[in-house]
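A short write-up of the structure that comes next.
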Ligand code: PLP
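In the working numbering, the protein residues as written are 79 to 481.
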């Protein structure tokens, strides 16, 4: 099997398993316990936090260990919106981009449905990019724009760093400068950016940043939320006050240690991996566009994740292509893993202005740095054959009808 679905998840790195093993076995203490075993666990947790903070260039107290990207996104959007409105009731709007992960989209819907916030959507162009001008208008920094009513009432804004379906990378630093001007905290979902793009929240200028462990070789269910010092955030989970009250519950020491290990390694390897894999992605993309008639690349040509090649193949269906490719030993994804199995076209692609019928033919091939040229060459050949076979099959019933 050739695994080209790294944007869905990655295997846990051996170094991360070895680092966390003691905390699943003989050093199993609860960091809140006042005995030696507890102390050891508390020290390990504190060290893991320090190591993550060193990679991100932030203070350890600014980091909250979470259960992953979904929790980090929920906590940031809901927590910041509720805390800001509690301090100033006029702040009753949230801004999200039109291509966010469901963890942000559904959190925004919840804020609307249950808490009466108005959700303003930041549109994207055909490449999946938001525009600074539109953002400025939503923040009330300029007149005009898609929703001038946003002026001065935005509690929180959230724009993902890199998109999980088409790999488009946003200029978060530019957006953060605008958000700072408008005194609105900007959150960014950096789940897909980890391992590929610089992750320092201070350089980016964001107030909050979400990371997930399982995209970079840590276990599923591990994650981090950066919250800039002094940023009020209403907790989602109440209880014993762990994580400085931001997230109650006995901390998962083993996963924190694994995440710190995976994050350090990802950062050490990042620059070389990003360059090499981007070149492989470009070669693969060029091959596909040259050899598969009608193939369309989705997302931005250059500002995109090194490890994501995404296409539409008109005249096919993404789901049929997936099945056909799996039969041929290639594993990938049709749009995002979360939307897989549904007939509905991806909201990300439709937000980029793609017709429903074309959006239904989307395929994402995503790789990590261990991908080889031979694997990509084989994937290209099988993809070309799979597209032909699905197109023939889809065309067949129409021919019968015409006879
Ligand atoms: N945000 C993005 C951009 C993602 O790609 C994902 C996972 O696919 C998530 C959030 C959710 O992360 P997790 O699976 O850790 O909950």
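Each residue gets a CB set at the ideal place from its N, CA and C atoms; glycine is no exception.
In this text the structure is predicted, and so the values were computed from the model without any measurement.
Roughly how many angstroms lie between the CA atoms of residue i and residue j, to the nearest whole one?
| i | j | result |
| --- | --- | --- |
| residue 472 | residue 372 | 15 Å |
| residue 117 | residue 327 | 17 Å |
| residue 164 | residue 156 | 12 Å |
| residue 333 | residue 468 | 42 Å |
| residue 227 | residue 433 | Summary for residue 227: the model assigns pLDDT 48, below 50, so the residue's position carries little reliability, and this model does not support an answer. |
| residue 342 | residue 351 | 14 Å |
| residue 79 | residue 448 | 14 Å |
| residue 397 | residue 454 | 21 Å |
| residue 369 | residue 204 | 23 Å |
| residue 152 | residue 185 | 6 Å |
| residue 108 | residue 158 | 29 Å |
| residue 162 | residue 97 | 39 Å |
| residue 145 | residue 287 | 14 Å |
| residue 236 | residue 121 | 33 Å |
| residue 311 | residue 150 | 12 Å |
| residue 113 | residue 319 | 19 Å |
| residue 293 | residue 426 | 20 Å |
| residue 289 | residue 474 | 46 Å |
| residue 174 | residue 210 | 13 Å |
| residue 132 | residue 463 | 47 Å |
| residue 406 | residue 378 | 28 Å |
| residue 195 | residue 309 | 20 Å |
| residue 91 | residue 166 | 45 Å |
| residue 111 | residue 168 | 43 Å |
| residue 94 | residue 349 | 20 Å |
| residue 198 | residue 160 | 16 Å |
| residue 262 | residue 460 | 48 Å |
| residue 212 | residue 410 | 34 Å |
| residue 401 | residue 431 | 27 Å |
| residue 148 | residue 104 | 30 Å |
| residue 134 | residue 300 | 16 Å |
| residue 295 | residue 180 | 22 Å |
| residue 99 | residue 182 | 33 Å |
| residue 416 | residue 444 | Because residue 416 sits at a pLDDT of 48, beneath the cut-off of 50, its placement in the model cannot be relied upon, and the point is left open. |
| residue 344 | residue 457 | 25 Å |
| residue 140 | residue 307 | 6 Å |
Is it true that the CB of residue j sits closer than 8 Å to the CB of residue i?
| i | j | result |
| --- | --- | --- |
| residue 248 | residue 207 | yes |
| residue 281 | residue 251 | yes |
| residue 465 | residue 394 | yes |
| residue 403 | residue 391 | no |
| residue 277 | residue 302 | no |
| residue 246 | residue 364 | no |
| residue 451 | residue 358 | yes |
| residue 233 | residue 172 | yes |
| residue 429 | residue 202 | yes |
| residue 275 | residue 219 | no |
| residue 335 | residue 154 | no |
Who are the near neighbours of residue i in its chain, counting only those whose CB is closer than 6 Å to its CB and skipping five residues on each side?
| i | result |
| --- | --- |
| residue 238 | 178, 267 |
| residue 241 | 177, 206 |
| residue 142 | 303, 321, 324, 325 |
| residue 284 | 254, 264, 266 |
| residue 128 | 138 |
| residue 355 | 384, 385, 447 |
Does at least one heavy atom of ligand 1 sit under 7 Å from the Cβ of residue i?
| i | result |
| --- | --- |
| residue 301 | yes |
| residue 290 | yes |
| residue 242 | yes |
| residue 238 | yes |
| residue 83 | no |
| residue 181 | yes |
| residue 212 | no |
| residue 148 | yes |
| residue 151 | yes |
Got a sec: does ligand 3 put a non-hydrogen atom nearer than 7 Å to the Cβ of residue i?
| i | result |
| --- | --- |
| residue 269 | Looking at this structure, you won't find ligand 3 anywhere; what it does contain is ligand 1. |
Using a Cβ-Cβ cutoff of less than 7 Å, which residues in the same chain neighbour residue i once the five nearest sequence positions on both sides are dropped?
| i | result |
| --- | --- |
| residue 446 | 84, 88, 385 |
| residue 423 | 434, 437, 438 |
| residue 367 | 373, 375 |
| residue 81 | 409 |
| residue 230 | 218 |
Considering only DSSP beta bridges, list what residue i is partnered with.
| i | result |
| --- | --- |
| residue 196 | 171 |
| residue 150 | DSSP output for residue 150 lists no bridge partner at all. |
| residue 440 | 390 |
| residue 290 | 301 |
| residue 83 | 444 |
| residue 470 | The partner list for residue 470 (beta bridge, DSSP) is empty, contrary to what the question assumes. |
| residue 265 | 236, 286 |
| residue 143 | 302 |
| residue 409 | 81 |
| residue 246 | 382 |
| residue 208 | 202 |
| residue 375 | 389 |
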